[in-house]
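For reference, the structure is listed below as structure tokens.
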Amino acid sequence: MSIKIEHLNYVYSAGTAYEKQALHDICLEIPDGEFVGIIGHTGSGKSTLIQHLNGLIKATDGAIYYQGENIYSEGYDMRKLRFQVGLVFQYPEHQLFEVDVLTDVCFGPKNQGLSPEECKERALEALKLVGLKEKYYKASPFELSGGQKRRAAIAGVLAMRPKVLVLDEPTAGLDPKGRDEILEQIASLHKETGMTVILVSHSMEDIARYADRIIVMNKGKVMYNDTPKNVFRHYQELEKVGLAAPQVTYIMHELKEQGLDVDVTATTVEEA
Ligand code: ADP
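Using UniProt numbering, read the sequence shown as starting at 1 and increasing by one per residue.
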């Protein structure tokens, strides 16, 4: 079992007038190699949750086990954890800053203390995984399109060869074509590398298409944690919290055939 979360609670600004409990008693297990989608409205706790996975935020209480070891135990190597659980933040391209794409992607492995040759080898491997064409490797990151920049930024995390890749809204701000390309690329790199992928999104459509399992977050709690089809069986409840996505038609039609009362004619989804 790759990641195990036990009774995790997180409170921002505890003890002040701004105190806010962002996570309530989260219990989850994410096996190695799984493609997991985390969905929920803005403010439901998705970002807070994923920042716990590589130790960026420390739980107010509860435990997290990575490969069987409690990451809060004394002497635990957090630095190693950061390299194993790669976090791609929202708009990661804002963090591109080197003179060219290749140098930028080398930044992570360089920080890991690897030799220049090894850094370059890993950077090239990562750039290939995200499907960025070779002609861009020596370009300034600022010359790239939005989608290309995002690929370069994701490559920067992949170059550290993480075992788990966590992406926070990787399609935010991209046009529909860029969005589909990034998602396809993430799906194919999951297939090629077998790494665990945790994809955060507020789009049920994006998540249902790729994830083996969906975790639905609502008000800091896990509302559902199941296969896309089983999550959709709770369509009525999802609709109540504005998370139903009638355009995920392949699931909707199947459920309708099974006698579930779902509206397959609607085409819009309430977004966060
Ligand atoms: P999501 O990623 O689903 O949008 P977040 O994890 O960002 O949700 O936020 C969960 C809750 O925690 C929200 O109520 C949000 O306002 C609050 N929150 C997030 N970051 C902070 C912070 N730095 N200080 C105080 N409250 C925060």
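Using N, Cα and C, we set each Cβ at its ideal position, and we do this for glycine too.
What three-state label does DSSP hand residue 21 in the structure shown? strand
Open item on the list: For the alpha helix (DSSP H) containing residue 48, name the first residue and the last one.
Closed with: 46-53
I'd like the span of the beta strand (DSSP E) that includes residue 15, first residue to last.
Taken as a continuous stretch (DSSP letters only), residue 15 belongs to no beta strand (DSSP E), as it is neither H nor E.
4 or more residues per run - each alpha helix (DSSP H) lying fully within the region 136-200 = 146-158 and 176-193
Requested in this report: Please work out which residues of its chain come closer than 8 Å, Cβ to Cβ, to residue 286, disregarding the five sequence neighbours upstream and downstream, and give them in chain order.
Outcome: In this structure the chain extends from 1 to 272, so residue 286 is not present and cannot be described.
Taking all protein chains shown into account, do 16 or more other C-beta atoms lie within 10 angstroms of the C-beta of residue 111, making it buried, or fewer, making it exposed?
exposed
- Supposed close pair residue 280, residue 36 - CB separation, criterion 8 Å: In the structure as shown, the chain starts at 1 and stops at 272, and residue 280 therefore has no counterpart that could be examined.
- Message: Using only CA atoms, which one of 213, 72 and 261 lies nearest to residue 34?
- Response: Put simply, of 213, 72 and 261 the residue whose alpha carbon is nearest the alpha carbon of residue 34 is 213.
| query | Taking the DSSP output, what are the residues bridged to residue 63? | reply | 6
- Message: Could you tell me the alpha carbon to alpha carbon distance between residue 17 and residue 181, rounded to whole angstroms?
- Response: 44 Å
Discussion item. Just verifying my parser: in three-state terms, what is the DSSP assignment at residue 224?
Written reply: strand
Requested in this report: Please name the residue or residues paired with residue 218 in a DSSP beta bridge.
Outcome: 221
task: In the DSSP assignment, find the unbroken beta strand (DSSP E) run with residue 97 in it and report its ends.
output: That residue, residue 97, is in no beta strand (DSSP E); it is neither H nor E in DSSP.
- Query: Closer than 6 Å from C-beta to any heavy atom of the ligand ADP: which residues, in chain order?
  - Reply: 12, 13, 20, 22, 40, 42, 43, 44, 45, 46, 47 and 48
Proximal residues to residue 84 (C-beta, below 6 Å), its chain only, five neighbours per side dropped: 162 and 163
query: What is the DSSP secondary structure of residue 130, reduced to helix, strand or coil?
result: coil
One question on the structure: do residue 217 and residue 40 come within less than 8 Å of each other, judged by their Cβ atoms? yes
Using DSSP with H/G/I as helix, E/B as strand and the rest coil, what is residue 118? helix
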